[in-house]
Amino acid sequence: MKFVSLTFIFLSLITFKQCGGASEHEDIDLNINPVYSGGSLSATPYIVYEGVDPTTFQFGSSIAWIEKITLDDEVLYEYEGEDVDVDQQTTLEEDGERTGFTVEVDTDPGSFDVHMVSEFMVETEDGELQEFRHQTIRTVEVKDEEE
30 MKFVSLTFIF
40 LSLITFKQCG
50 GASEHEDIDL
60 NINPVYSGGS
70 LSATPYIVYE
80 GVDPTTFQFG
90 SSIAWIEKIT
100 LDDEVLYEYE
110 GEDVDVDQQT
120 TLEEDGERTG
130 FTVEVDTDPG
140 SFDVHMVSEF
150 MVETEDGELQ
160 EFRHQTIRTV
170 EVKDEEE
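Residue numbers for the sequence shown follow the numbering used here, beginning at 30 and rising by one.
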């Protein structure tokens with residue numbers, strides 16, 4: 030009987046930002062929910078709002094997406110953008126979650142680097158929209174173990 034083990038390894042991603050570029054929102058955590066089943070890795074990025082006061086987030090077709098999935102040096106998936114120009118919004122309360130687009134790739138077990146992005150805008154106290162961007166890489170370990 031085969032068992033599949035799924036392990037997360039959290040990596041830090043250091044990014045260099047240009048002056049005036051979008052920064053990270055201090056109350057948002059970008060994470061991933063991976064599932065491996067039947068030779069297929071399914072990964073859904075999501076954000077968690079850790080603030081106290083309810084906040085409304087404005088975004089395009091998705092609040093979070095996967096830029097690419099790699100196994101060693103092989104690119105298994107790469108985001109190609111959306112043709113749809115959509116404006117959406119959601120209000121999140123403390124510990125509220127919002128999922129992004131799910132990506133599924135057919136693959137054998139291994140160590141996958143999942144590159145994720147979240148972009149959204151939040152209205153400031155001055156009534157202006159401030160843009161935020163989160164970018165991170167999560168390593169997902171899928172081991173094929175026999176009992």
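For every residue, glycine included, the Cβ atom is placed at its ideal position computed from N, Cα and C.
- prompt: Which residue from Ile61, Glu55, Glu79 and Gly110 puts its Cα closest to that of threonine 73?
  reply: Ile61
- request: State the beta-bridge partners of leucine 158 as determined by DSSP.
  value: Glu152
- prompt: Which class does alanine 51 belong to by DSSP, given the choice of helix, strand or coil?
  reply: coil
- request: Return yes when the C-beta of phenylalanine 86 is under 7 angstroms from any heavy atom of the ligand FAD, and no when it is not.
  value: Ligands in the displayed structure: none, and consequently the ligand FAD is not present.
- prompt: Could you give the uninterrupted runs of the beta strand (DSSP E) lying entirely in the region 80–120, keeping only those of 3 residues or more?
  reply: 84–88, 93–100 and 103–107
message: Could you compute how far the alpha carbon of alanine 93 sits from the alpha carbon of glycine 67?
response: 25 angstroms
field: Close Cβ partners of leucine 158 (< 8 angstroms) along its chain, the five nearest in sequence each way excluded
entry: Gln87, Met150, Val151 and Glu152
Assigned secondary structure, valine 171 (DSSP; H/G/I helix, E/B strand, else coil): strand
message: According to DSSP, aspartate 252 sits in a beta bridge with which residue or residues?
response: Since the first and last residues shown for the chain are 30 and 176, residue 252 lies out of range.
query: Can you give the beta carbon distance from glutamate 133 to serine 69, rounded, assuming they're within the 8 angstroms contact cut?
result: 6 angstroms
- request: Would you mind stating whether glutamate 123 and tyrosine 78 have Cβ atoms separated by less than 8 angstroms?
  value: yes
message: Please report the straight-line C-alpha distance between proline 63 and serine 91, rounded to a whole angstrom.
response: 18 angstroms
task: Hey, could you find the ends of the beta strand (DSSP E) aspartate 135 is sitting in?
output: 132–135
task: Check whether the Cβ atoms of threonine 99 and phenylalanine 130 lie closer than 8 angstroms to each other.
output: no
message: Determine, for aspartate 135, whether the minimum Cβ-Cβ distance to residues of chain C falls below 8 angstroms.
response: No chain C appears in the structure shown, which is made up of a single protein chain.
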